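In this note's numbering, the protein residues as written are 4 to 256.
Just so you know, even glycine gets a beta-carbon here, dropped at the ideal spot from N, CA and C.
From a predicted model like this one, the values you see are computed outputs, not experimental measurements.
Single-structure report; data block below.
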Ligand SMILES: CC(C)(COP(=O)(O)OP(=O)(O)OC[C@H]1O[C@@H](n2cnc3c(N)ncnc32)[C@H](O)[C@@H]1OP(=O)(O)O)[C@@H](O)C(=O)NCCC(=O)NCCS
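Structure follows, in structure tokens:
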């Protein structure tokens, strides 16, 4: 088995092609394989007889813990990929993975905490009617979006996220009070993130309106819609189900 970092355009193209065969399972390394996240990610590829058999991405935005994501692969390939990927990581990291990957991770690292998340997906999402005025965030909104997402402690947010894809928001008195954004975007799939409404404005249909506008925009280009949500976040799960997303897999992170 050949293990190496994808360094040439051809190696990157082959890695993307492999990941795109299973875009929902591979959403994290696939998203990391596209600009602008590729600029802060490393992609490690396993190959046998010139065919890609697995990929592991290490996404490391500034001032953040690295996020390590393994693709579909045999347990042996995952173990070897993780070994080479973690040789580039010092200290704590985050990884989202299903149960068999947790066992692989444990062969290389100590698990400090485990949270159960669900992946939900729609293809296509439902169109939900709403009277709420939602707007697409523009460049002039980035500072306000940064204030809002930081205040709301939105885990996935970094200003780089704004470059990935659209964010939709609802404003009151010129301030953002609800937002939904794109965490990862490829030709096949879009992974949503930073979905939050200020406490004072909840239960008014704002997050549903923002998320629906966002999901329909991304899906209009044929993309599958995916996201992660904590398994115990019943309000959010209920909202996503109304938008046509279905539970896909449980992922201890
Ligand atoms: C989840 C969250 C974004 C919902 O925002 P919101 O603007 O209040 O949501 P909406 O008013 O659009 O609600 C849409 C649907 O979600 C569900 N929902 C929202 N809040 C709920 C609650 N507290 N209890 C039960 N269901 C709830 C309902 O199905 C609701 O539809 P309904 O009002 O017709 O019953 C908001 O509670 C929040 O910001 N939570 C913290 C951040 C978070 O968990 N984000 C999701 C990360 S994946």
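- In chain order, what residues of the same chain have a beta carbon less than 6 Å from the beta carbon of residue 74, not counting five sequence neighbours either side? 22, 29, 32, 57 and 58
- Contacting residues, own chain, Cβ-Cβ under 7 Å from residue 200 (five flanking each side not counted): 180, 181, 209 and 210
- Where residue 95 falls: helix, strand or coil (DSSP): Here residue 95 sits in coil by DSSP.
- Message: Using DSSP's beta-bridge definition, name the partner residues of residue 200.
- Response: Note: residue 200 sits in a beta bridge opposite 181.
- heavy atom of ligand 1 below 7 Å from residue 250 C-beta: no
- Message: According to DSSP, is residue 16 part of a helix, a strand, or is it coil?
- Response: helix
- Query: Taking all protein chains shown into account, do 16 or more other C-beta atoms lie within 10 angstroms of the C-beta of residue 152, making it buried, or fewer, making it exposed?
  - Reply: buried
- Task: Would you kindly work out how many angstroms separate the C-alpha atoms of residue 168 and residue 174, rounded to a whole number?
- Result: Approximately 19 Å between the Cα atoms of the pair.
- For residue 110, which three-state DSSP category applies? coil
- Identify the residues that DSSP records as bridge partners of residue 228: which are they? 125 and 193
- Which term fits residue 130, buried or exposed, when burial requires 16 or more other beta carbons within 10 angstroms of its beta carbon? exposed
- Task: Assign residue 13 to buried or exposed, taking buried as 16 or more other Cβ atoms, counted over all protein chains shown, within 10 Å of its Cβ.
- Result: Under this definition residue 13 is an exposed residue.
- Task: Check each candidate in 126, 105 and 138 and name the one with the smallest Cα separation from residue 116.
- Result: 105
- Item | Residue interval of the alpha helix (DSSP H) (run including residue 86) | 78-89 is the span of the alpha helix (DSSP H), which, as asked, contains residue 86.
- Message: Shorter than 7 Å, the distance from the beta carbon of residue 200 to the closest heavy atom of ligand 1, or not?
- Response: Annotation for residue 200 indicates a beta carbon within 7 Å of some heavy atom of ligand 1.
- Query: Does DSSP put residue 56 in a helix, in a strand, or in coil?
  - Reply: Strand at residue 56.
- Task: Please go through the same chain and pick out, in chain order, the residues whose beta-carbon is closer than 8 Å to the beta-carbon of residue 95, but skip the five residues on each side of it.
- Result: 68 and 115
- May I have the straight-line CA-CA distance separating residue 213 from residue 162, to the nearest angstrom? Looking at the backbone, the Cα of residue 213 and that of residue 162 are separated by about 19 Å.
- Task: Note down, in chain order, each residue of its chain lying with its Cβ closer than 6 Å to the Cβ of residue 133, except the 5 sequence neighbours on either side.
- Result: 208 and 212
- Counted within 10 angstroms of its Cβ, other Cβ atoms place residue 226 as buried (16 or more) or exposed: buried
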